[in-house]
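Asks:
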Ligand code: SAH
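Numbering (this note's numbering), first residue to last: 579 to 1036.
1) Would the C-beta of residue 654 count as close to ligand 1, meaning under 7 Å from any of its heavy atoms?
2) Could you check what DSSP says for residue 726 in three-state terms: helix, strand or coil?
3) If you check the beta carbons only, do residue 937 and residue 873 fall under 8 Å apart?
4) Starting from residue 746, follow the beta strand (DSSP E) in both directions and report where the run begins and ends.
5) Determine the burial state of residue 684: buried for a count of at least 16 other Cβ atoms within 10 Å of its Cβ, exposed for fewer.
6) With DSSP as the reference, label residue 658 as helix, strand or coil.
7) What's the call for residue 957, buried or exposed, on a 16-neighbour Cβ count within 10 Å?
8) When you compare each of 640, 636, 682 to residue 667 by their alpha carbons, which one comes out closest?
9) I want to check one thing, is the minimum distance from the CB of residue 751 to the heavy atoms of ligand 1 below 7 Å?
10) Which residue spans inside the stretch 855-933 form an unbroken alpha helix (DSSP H) run of at least 4?
11) Going by the beta-carbon positions, is the gap between residue 926 and residue 864 smaller than 8 Å?
12) Just to confirm, is the Cβ distance from residue 694 to residue 727 under 8 Å?
13) With distances taken from CA atoms, which of 646, 681, 711 is nearest residue 527?
14) Kindly list the residues whose CB is nearer than 6 Å to the CB of residue 995, restricted to its own chain and excluding five residues on each side of it in sequence; keep chain order.
15) Using the Cα positions of residue 705 and residue 771, report the straight-line distance between them to the nearest angstrom.
16) What whole-angstrom Cβ distance do residue 987 and residue 954 have, given they're in contact under 8 Å?
17) Note down, in chain order, each residue of its chain lying with its Cβ closer than 6 Å to the Cβ of residue 827, except the 5 sequence neighbours on either side.
18) Would you say residue 873 touches ligand 1, meaning its beta carbon is less than 7 Å from a heavy atom?
19) Confirm, please, whether the CB-CB distance from residue 943 to residue 1006 is below 8 Å.
20) Is the beta carbon of residue 924 sitting closer than 8 Å to the one on residue 897?
21) Going by the DSSP bridge assignment, what does residue 650 pair with across the sheet?
22) Would you call the stretch 973-984 and the stretch 712-720 touching, i.e. three or more CB-CB distances under 8 Å?
23) Considering only the beta carbon of each residue, do residue 948 and residue 997 sit closer than 8 Å?
24) For ligand 1, is there any heavy atom lying closer than 7 Å to the beta carbon of residue 556?
25) Exposed or buried, which one is residue 912 when buried takes at least 16 other CB atoms within 10 Å?
26) For a test of the three-state rule: what should DSSP assign to residue 852, helix, strand or coil?
27) Using the rule of at least 16 other Cβ atoms within 10 Å of the residue's Cβ for burial, across every protein chain shown, is residue 612 buried or exposed?
28) Taking Cβ positions, are residue 761 and residue 790 nearer each other than 8 Å?
29) At which residue ranges does the stretch 674-742 contain complete alpha helix (DSSP H) runs of 4 or more residues, listed in the order of the chain?
30) Can you name, in chain order, every residue of its own chain whose Cβ lies under 6 Å from the Cβ of residue 803, other than the five neighbours on each side?
31) Among the residues of its own chain, which have a CB less than 6 Å from the CB of residue 686, if the five just before and after it don't count?
32) Determine the DSSP secondary structure at residue 1028, reduced to helix, strand or coil.
33) Measuring CA to CA, which of 672, 692, 746 is closest to residue 961?
34) Does DSSP put residue 965 in a helix, in a strand, or in coil?
35) CB residue 696 to CB residue 1028, shorter than 8 Å?
36) Under the criterion of a Cβ to heavy atom distance below 7 Å, does residue 716 qualify as lining ligand 1?
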């Protein structure tokens, strides 16, 4: 990276952080949740009407399956409940926001997505500004995060000048893909004519970029990519294991023994394939959750980053291999019993970042996990908040900005529970004597990875 580019990098961040435009509309609707009043303030329009999921048919579907083949693993239960192609919770619902079951950081504050947008640009610059830049998001929800990232791309258009940018969304839910398309393209998207197409929907963003939707990462075109995943890994199915006197046993989902179509957890009497394959010999905990699907996604990401360049930023609530029983349900912003009324509530398990790092192995360099508070502070959230407040005279909007900030960084709220992990190409961190791109970086240490160390913006 040349001196010039390095200065550009910080300048770009400063320009964005100090941009006086507060582009979101504020207003409309407020709701009280856990003592925290927030206002839905997305520019994107979306429907708040929820399709009633055929919940009883989900329970019927699960009980017939169990009657036919015996107890199912918790992972299979989660997969069916969340992503069954006909009646899965994610497939049928728009569950985010005040009227839904949970709210996420990009829905709370525009600053969250803006800072992630800066991160994407800074990693693209650190890679030597490759001509093609694919922004790939996993589980984009309502499209709010992508929308905020793309607004930053537009505001920093001079920095990105010459880059051929395209947007790629990996989304299992046709219902949410519609909401995302409305948010990101207006009505400039269409469903693919053939099931055989890798992308099931394509279009053009309101900022003029090509955008496509896929069911899985393997369908995303290969090329230099910045991957982002926010509250995606926690939605992937986990296996649960319990330590017993006879060794590790897998927790399964069965039907109540009294003949009522009600579900319960049981322990398998002997080891399962999963307990043999997934448990670590030196495990100390009594109860463990493992998410092999998360591991597969990490492997695919790492392969892509090694072969085609790029970086991944994964943000989620989680732990470093210390927590035990974290699977839970959420409905209407309240805890909901995991086995009651399946399909009516979100199911989620804390992400085990130590497992993700272990799977990534040496293929890529990992940074973090660091807490959301540290990441956002390192990215300059305080500066950005002050700039937005200076340009905002509307009292409710100012309150909203401050409450959003507080929610994101307060350690008692989302500041410590949420963690950020980056996967990077080893070349990105190579010293001048190592790896390719030597001439580009001769005489200079590699650029610091934004968010994982202070940018020194003050
Ligand atoms: N990232 C968004 C939404 C989080 S909710 C935000 O932070 O606001 C989880 C998202 O992941 C939803 O969009 C859901 O439909 C999607 N999702 C869940 N399981 C998935 C899977 N197996 N493959 C692709 N998308 C999935």
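Where is the CB? At the ideal position from N, CA and C, for every residue including glycine.
On a predicted model such as this, the values are computed, not experimentally measured, just so you know.
Replies: On the basis of the data shown:
1) The residue you call residue 654 lines up with position 76 of the chain shown. Taking 7 Å as the cut-off, the C-beta of residue 654 does not count as close to any heavy atom of ligand 1.
2) Within the chain shown, numbered from 1, the residue matching residue 726 stands at position 148. Residue state, collapsed to three classes: helix.
3) Residue numbering aside, residue 937 sits at position 359 when the chain shown is read from its first letter. Residue numbering aside, residue 873 sits at position 295 when the chain shown is read from its first letter. Taking C-beta atoms as the reference points, residue 937 and residue 873 count as a pair closer than 8 Å.
4) Position 168 of the chain shown, counted from the start, is the residue given in the question as residue 746. Per DSSP, residue 746 is one residue of the beta strand (DSSP E) stretching across 742-748.
5) Residue 684 sits at position 106 when you count from the first residue of the chain shown. Per the 10 Å Cβ criterion, buried.
6) Against the chain shown, residue 658 aligns to sequence position 80. For residue 658, the three-state secondary structure derived from DSSP is helix.
7) Position 379 of the chain shown holds residue 957. By the 10 Å Cβ count, residue 957 comes out buried.
8) Residue mapping note: residue 667 aligns to position 89 of the chain shown, counting from 1. The candidate whose alpha carbon is nearest that of residue 667 is 636.
9) Translated into the one-based positions of the chain shown, residue 751 becomes position 173. Yes; taking the cut-off as 7 Å, the Cβ of residue 751 has a heavy atom of ligand 1 nearer than that.
10) The qualifying runs are 870-886.
11) Taking the chain shown and counting its residues from 1, one reaches residue 926 at position 348. Taking the chain shown and counting its residues from 1, one reaches residue 864 at position 286. With respect to residue 864, residue 926 sits apart: the two C-beta atoms are not nearer than 8 Å.
12) For this step, residue 694 is matched to residue 116 along the chain shown. For this step, residue 727 is matched to residue 149 along the chain shown. Against a cut-off of 8 Å, the Cβ pair of residue 727 and residue 694 comes out as a contact.
13) In this structure the chain extends from 579 to 1036, so residue 527 is not present and cannot be described.
14) Looking up residue 995 in the chain shown gives position 417. Excluding the 5 residues flanking it on each side, residue 995 has same chain C-beta neighbours closer than 6 Å at 895, in chain order.
15) Position 127 of the chain shown, counted from the first residue, corresponds to residue 705. Position 193 of the chain shown, counted from the first residue, corresponds to residue 771. C-alpha separation (whole angstroms): 36 Å.
16) The residue labelled residue 987 in the question sits at position 409 within the chain shown. The residue labelled residue 954 in the question sits at position 376 within the chain shown. That pair is a contact at about 6 Å.
17) In the chain shown, residue 827 corresponds to position 249, counting from 1. Result list for residue 827: 820, 845, 846, in chain order.
18) Translated into positions along the chain shown, residue 873 becomes position 295. Checking the Cβ of residue 873 against ligand 1 gives no.
19) Residue 1006 sits at position 428 when you count from the first residue of the chain shown. Residue 943 sits at position 365 when you count from the first residue of the chain shown. Closer than 8 Å, so yes.
20) To locate residue 924, count along the chain shown from 1; it is residue 346. To locate residue 897, count along the chain shown from 1; it is residue 319. Contact: no.
21) Position 72 of the chain shown, counted from the first residue, corresponds to residue 650. DSSP lists 831 as partners of residue 650.
22) No, the stretch 973-984 does not touch the stretch 712-720.
23) Stepping through the chain shown from its first residue, residue 948 is reached at position 370. Stepping through the chain shown from its first residue, residue 997 is reached at position 419. Cβ distance < 8 Å, so residue 948 and residue 997 count as in contact.
24) Nothing can be reported for residue 556: it is not among the residues displayed for the chain, which extend from 579 to 1036.
25) For this step, residue 912 is matched to residue 334 along the chain shown. By the neighbour-count rule (16 or more Cβ atoms within 10 Å), residue 912 is not buried but exposed.
26) Taking the chain shown and counting its residues from 1, the one referred to as residue 852 is at position 274. It is helical.
27) Taking the first residue of the chain shown as 1, we reach residue 612 at position 34. Confidence in residue 612 is poor, its pLDDT being 29 and thus under 50, which makes the residue's placement unreliable; the coordinate value appears in the next sentence. Residue environment analysis places residue 612 among the exposed positions, since fewer than 16 neighbouring C-beta atoms fall within 10 angstroms of its C-beta.
28) Numbered from its first residue, the chain shown carries residue 761 at position 183. Numbered from its first residue, the chain shown carries residue 790 at position 212. Going by C-beta atoms, residue 761 is not nearer than 8 Å to residue 790.
29) Runs of the alpha helix (DSSP H) inside the stretch 674-742: 683-686, 688-704, 722-733, 735-738.
30) As a working note, residue 803 is residue 225 in the chain shown. Excluding sequence positions up to five before and after residue 803, its CB lies within less than 6 Å of the CB of 712, 714, 888, all in the same chain and listed in chain order.
31) In the chain shown, counting from the first residue as 1, residue 686 sits at position 108. These residues qualify, in order along the chain: 982, 985.
32) On the chain shown, position 450 is the one that residue 1028 refers to. Strand.
33) Sequence index remark: in the chain shown, residue 961 carries index 383 (1-based). Of the candidates 672, 692, 746, the residue whose Cα lies closest to the Cα of residue 961 is 692.
34) Position 387 of the chain shown holds residue 965. Helix at residue 965.
35) Residue numbering aside, residue 696 sits at position 118 when the chain shown is read from its first letter. Residue numbering aside, residue 1028 sits at position 450 when the chain shown is read from its first letter. Taking a C-beta distance under 8 Å as the contact criterion, residue 696 and residue 1028 qualify as a contact pair.
36) The residue given as residue 716 occupies position 138 in the chain shown. Ligand 1 approaches residue 716 closely enough that one of its heavy atoms is under 7 Å from the residue's Cβ.
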